[in-house]
Amino acid sequence: MQKNIVELLQSSFIADVDGKAILAFSGVMSQDTIVGLGDALRSELHHYFPLSVVNKVFAIYIEMAQNVLHYSHSKADINGKETGVGSILVFKMEAAYQLVSVNLITQAQKDFIEKKINVVNQFTFNEIREFYLKKRKESVEGNSKGAGLGFIDIIRRTTEPLQYDFEPVDDNLYYFYLSSRVLTS
Amino acid sequence: MENLYIEATRYTPEISADAQKGEVKFYGSSYPENANEFYKPVSEWIEKYLNEQNTSLEVNFYIYYFNTSTSKSYLNILEILEKFSQNNKDVHINWYYTKDDEDSLDSGERLFMELDLKYQLIAVDNI
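The structure is reproduced here in structure tokens:
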């Protein structure tokens, strides 16, 4: 279950984004799809910006897209492998790019994510580093496919708080909107 | 001991581990879906190489981008190297980062925080 692109563009969270949509995908967020869209995004950005900006936008795109792949509550079975379903949109603004990911989550995931984002959003640069070290140690011992470091990785690259929203679907499910902005000048 | 060679893909680096030269080299970018699985043969090779009679190893990372899942695998590799380095093996690491790219330097710096290792961060024009 996932909103299509027209529905996403009309949703209140995204309708507020003041930019031109240059990339939008809604569907099975498989690794192949992530790589293909990522290549397209890189070549588009290369027309305008130095590698440092290209890499920054690309890094945030990858963390968001792989977040959907690993943690979306909506899954598709791709060759026997559970793969997250969700969306990613990229907007071009006057002097920034804005990236938004959208996927379904449960109430329990919402509670966890909300707490986590609220904590990392308040960090200073040094606190981000300390938190990163602590989390990294924990995750090396743990078993998750990701590193649980996605949110802080986005914040340390943009030095701006993450924007987010939860749109209720029913008693237990929400659409999770996550947004981050990269300044280009 | 056999050498290890893994060809680059669009989202994983080329990796070569040369037992004669005593060198492991990573080249490219890294954002696999499951980094743990991908890097397992490399960490196993390094562990085996240093467990045998070999006394020195140089590790060169030419990685222009890696995701957070990969950072966990790299830390795992660095911790193996740290363990041997503390056991009198001569381990040296070079981390190449892109000049004029703060994130690239920051990513390298973070990786080595709190590790007891001989390493150098080296700026290059372009990886």
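Going down the list, the sequences are from chains V and B.
Convert by adding 62 to the 1-based position in the first sequence; the result is the number in this note's numbering.
Convert by adding 657 to the 1-based position in the second sequence; the result is the number in this note's numbering.
Think of the CB as a built atom: it goes at the ideal place given N, C-alpha and C, for glycine as much as any other residue.
As the structure is a prediction and not an experimental result, all values here were calculated from the model.
Extent of the continuous beta strand (DSSP E) to which residue i belongs
i        : result
Ala83/V  : 82-90
Lys137/V : 137-140
Tyr696/B : First-last for Tyr696/B: 692-708, but that is the alpha helix (DSSP H), not the beta strand (DSSP E).
Tyr226/V : 225-230
Leu762/B : Careful: Leu762/B lies outside any beta strand (DSSP E), inside the alpha helix (DSSP H) at 759-769.
Leu661/B : 661-663
Chain-ordered neighbours of residue i on chain B, where CB pairs are closer than 7 Å
i        : result
Ile150/V : Neighbours of Ile150/V on chain B: none; closest Cβ ~14 Å, over 7 Å.
Val97/V  : Arg667, Tyr668
Leu113/V : Thr755, Asp758
Ile124/V : Tyr688, Asn724
Asp215/V : Thr725
Span of the alpha helix (DSSP H) around residue i
i        : result
Val748/B : Val748/B -> not in any alpha helix (DSSP H); beta strand (DSSP E) instead, spanning 747-755.
Ser105/V : 93-108
Phe741/B : 725-742
Ala674/B : It is not in any alpha helix (DSSP H) - Ala674/B instead sits in the beta strand (DSSP E) that spans 671-675.
Glu125/V : 113-133
Thr221/V : Where Thr221/V is concerned, there is no enclosing alpha helix (DSSP H), given that its DSSP letter is neither H nor E.
Val68/V  : 67-72
Cutoff 8 Å; reference residue i; Cβ partners in own chain excluding five residues on either side
i        : result
Asn183/V : Ile217, Pro223, Leu224
Leu85/V  : Leu99, Ala102, Leu103, Glu106, Ile150, Leu151, Val152
Phe187/V : Arg218, Thr221
Asn691/B : Ser726
Pair within 8 Å by beta-carbon distance, residue i and residue j
i        : j        : result
Asn733/B : Glu680/B : no
Val90/V  : Ala138/V : yes
Phe153/V : Ala83/V  : yes
Ser136/V : Gln64/V  : yes
Asn165/V : Phe213/V : no
Val162/V : Gly146/V : no
Phe723/B : Ser687/B : yes
Val244/V : Lys118/V : yes
Ile122/V : Ser242/V : yes
Glu127/V : Ile167/V : Here residue 127/V is Ala; the residue named in the question, Glu, does not match the sequence. Going by C-beta atoms, Ala127/V is not nearer than 8 Å to Ile167/V.
Beta-carbon proximity list for residue i, same chain, < 7 Å, skipping 5 on both sides
i        : result
Ser700/B : Asn733, Ile734, Ile737
Ala780/B : Tyr754, Lys756
Val761/B : As written in the sequence, residue 761/B is Ser, which differs from the Val given in the question. Excluding residues within five positions, the ones whose Cβ falls inside 7 Å are Tyr721, Tyr754, Thr755.
Asp782/B : Lys756
Asp675/B : Asn660
Chain-ordered chain V contacts of residue i [CB-CB under 8 Å]
i        : result
Leu661/B : Within chain V, no residue comes near Leu661/B; the closest Cβ sits about 22 Å away, beyond 8 Å.
Ser742/B : What Ser742/B touches in chain V: nothing, since even the nearest Cβ is about 18 Å away.
Residues near residue i by beta carbon distance below 6 Å, same chain, minus five either side
i        : result
Phe120/V : Arg104
Asn205/V : The predicted model places Asn205/V with a pLDDT of 49, which falls under 50 and marks its position as unreliable; any figure quoted below should be read in that light. Excluding positions up to five away in sequence, the list is empty.
Glu739/B : Leu772, Asp773, Leu774
Ser92/V  : Ile140, Thr145
Tyr684/B : Pro670, Glu671, Tyr719
Lys172/V : Phe228, Tyr236
Asp215/V : Glu125
Partners in chain B for residue i, counting only beta-carbon separations shorter than 8 Å
i        : result
Lys118/V : Asp760
Tyr110/V : Chain B residues near Tyr110/V: none, gap ~16 Å exceeds 8 Å.
Glu106/V : Within 8 Å Cβ-Cβ: nothing; Glu106/V doesn't reach chain B, min ~17 Å.
Residues sharing a beta bridge with residue i, DSSP
i        : result
Leu778/B : Trp752/B
Asn785/B : Nothing in the structure corresponds to residue 785/B, since chain B is present only between 658 and 784.
Gln160/V : Phe153/V, Arg243/V
Phe238/V : Asn165/V, Phe228/V
Val147/V : Val90/V
Under 8 Å by beta carbon: chain A residues contacting residue i
i        : result
Gly212/V : This model lacks chain A altogether; the protein chains it does include are V and B.
Neighbour list for residue i in chain B, Cβ cutoff strictly below 9 Å
i        : result
Leu195/V : Arg767, Met770, Glu771
Ala138/V : The contacting residues do not exist; Ala138/V stays about 14 Å from chain B at best.
Leu225/V : Checking the sequence, you will find Gln at residue 225/V rather than Leu. Those do not exist, as Gln225/V stays about 20 Å from chain B at its closest Cβ, beyond 9 Å.
Contacts that residue i makes with chain V (C-beta to C-beta distance below 7 Å)
i        : result
Lys697/B : Chain V residues near Lys697/B: none, gap ~13 Å exceeds 7 Å.
Interface residues of chain V facing residue i [CB-CB closer than 9 Å]
i        : result
Ser700/B : Result: empty, since nearest Cβ-Cβ is about 12 Å, beyond 9 Å.
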